[in-house]
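To keep things clear, I will list the structure first and then write my remarks on it.
There are 2 protein chains.
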Amino acid sequence: MNIGQVAKSSGIPVKTIRYYEEIGFIRPDRDANGYRNFDDRDLHKLAFIGRARSLGFTIEECRALLALYEDQSRASADVKRLAMDHLKDIDAKIAALKSMRDTLSDLVTSCAGDDRPDCPILNDLAGR
Amino acid sequence: MNIGQVAKSSGIPVKTIRYYEEIGFIRPDRDANGYRNFDDRDLHKLAFIGRARSLGFTIEECRALLALYEDQSRASADVKRLAMDHLKDIDAKIAALKSMRDTLSDLVTSCAGDDRPDCPILNDLAGR
DNA sequence: CCTTGACCTTCCAGTAACTGGAGGCCCTAT
DNA sequence: ATAGGGCCTCCAGTTACTGGAAGGTCAAGG
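Quick mapping for you: the protein sequence lines, in order, are chains A and B.
Counted the way the numbering used here counts, the first sequence spans residues 3 to 130.
Counted the way the numbering used here counts, the second sequence spans residues 3 to 130.
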């Protein structure tokens, strides 16, 4: 299967697939003309990575997850720990964003948003 | 005022302050020995930027905000629009993270996390 | 006077995860 | 033969810093 087809069917951009090869996630065969030729295993891995990335796992976490996935003797506890750590990261990010959102939302509300120059948002940023 | 002092009093790392100079936010004077010498205006700007950054505005947004701040004839509507756009970005990020969090949280809950290899998290990632 | 340590300087490289573009080969259809 | 689309590699750029090397400066202590 050519890279274009894989991109279309997996939803992962061509460039990204090449990048994933470059960082060692996949090692597709090459045809005589140098074109990459993906097999089911490659497709499967790409789908795995795509799904993990969509859940916010970093590339390195994906690498770890993939290794666990391919290790038949893994303990699910190891996977769970990884996922829980990531969950904690996500929660921290959400909390940080919410705090920004609350402050910013207050500021936006307090700003008239008309053609006069006086602006509580700028005043806040300026520490006044 | 030396860069170290500015860093301490503003909470912005020395490296970051130099970077902010490099990208044109500030233009501190230099002493005879080449050391940067920050005045109140620089301090004020740095505080402004630091606050805006802590609210998640990008560097380019900070630049725009700073320009509005220094433009006495600005309309508060322009500031408000910028802030509202940013608020929308934040909300989108929060929504995306929440969706990740929910999915991931379900997966974590469904995983026994013991020494057996069977793992719903990996199964999900593998599309099963 | 010399050394030591804490400052400060510049410049270069690296981070995360792609993304865009240039230059060029390959394949198929007209 | 040529036009188009798909494929290839390699290089550079993105965001906002951050780390480190190599070296100048300054104040205090011996």
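Each residue gets a CB set at the ideal place from its N, CA and C atoms; glycine is no exception.
What you are looking at is a predicted structure, and each value in this text was computed from that prediction instead of being measured.
Residue i (DSSP reduced to helix, strand or coil)
i	result
R29 of chain B	coil
R76 of chain A	coil
R38 of chain A	strand
A13 of chain B	Here residue 13 of chain B turns out to be Gly, not Ala, going by the sequence shown. Coil, per DSSP.
T60 of chain B	coil
R130 of chain B	coil
D116 of chain A	coil
N125 of chain A	helix
M3 of chain A	coil
Within-7 Å CB hit, residue i to chain B
i	result
S78 of chain A	yes
K47 of chain A	no
F50 of chain A	yes
G58 of chain A	yes
I123 of chain A	yes
Y22 of chain A	no
Proximal chain A residues relative to residue i, where beta-carbon distance stays under 9 Å
i	result
S75 of chain B	P119
K10 of chain B	Result: empty, since nearest Cβ-Cβ is about 17 Å, beyond 9 Å.
Closer than 7 Å at the beta carbon, the chain A residues around residue i
i	result
S107 of chain B	L89
K100 of chain B	I96
Per-residue contacts from residue i into chain B (C-beta, under 7 Å)
i	result
G115 of chain A	S78, A79 and K82
I28 of chain A	Ordered by position in chain B, no residue passes the 7 Å Cβ test against I28 of chain A, which lies about 15 Å from the chain.
Contacts of residue i in chain B (Cβ-Cβ under 8 Å)
i	result
A54 of chain A	L127
I61 of chain A	The premise fails here: I61 of chain A is roughly 14 Å from chain B at the closest Cβ pair, so nothing lies under 8 Å.
R103 of chain A	L89, I92, D93 and I96
Min CB distance residue i to chain A below 7 Å
i	result
G13 of chain B	no
M86 of chain B	yes
K95 of chain B	yes
I92 of chain B	yes
V110 of chain B	yes
Y71 of chain B	yes
- Counting pairs of beta carbons, one from the segment 37–44 of chain A and one from the segment 66–73 of chain A, are three or more of them closer than 8 Å? No, they do not touch.
- Query: Is it a yes or a no for the segment 109–118 of chain B touching the segment 24–36 of chain B, going by three-plus beta-carbon pairs under 8 Å?
  - Reply: Judged by Cβ distances under 8 Å, the segment 109–118 of chain B makes no contact with the segment 24–36 of chain B, as fewer than three pairs qualify.
- Message: When you compare the segment 68–85 of chain B with the segment 44–59 of chain A, are there three or more beta-carbon pairs, one atom per stretch, that lie closer than 8 Å?
- Response: Too few Cβ pairs lie closer than 8 Å, so no.
- Message: When you compare the segment 93–100 of chain A with the segment 90–98 of chain B, are there three or more beta-carbon pairs, one atom per stretch, that lie closer than 8 Å?
- Response: Remark: three or more beta-carbon pairs, one from each stretch, lie closer than 8 Å, so the segment 93–100 of chain A and the segment 90–98 of chain B are flagged as touching.
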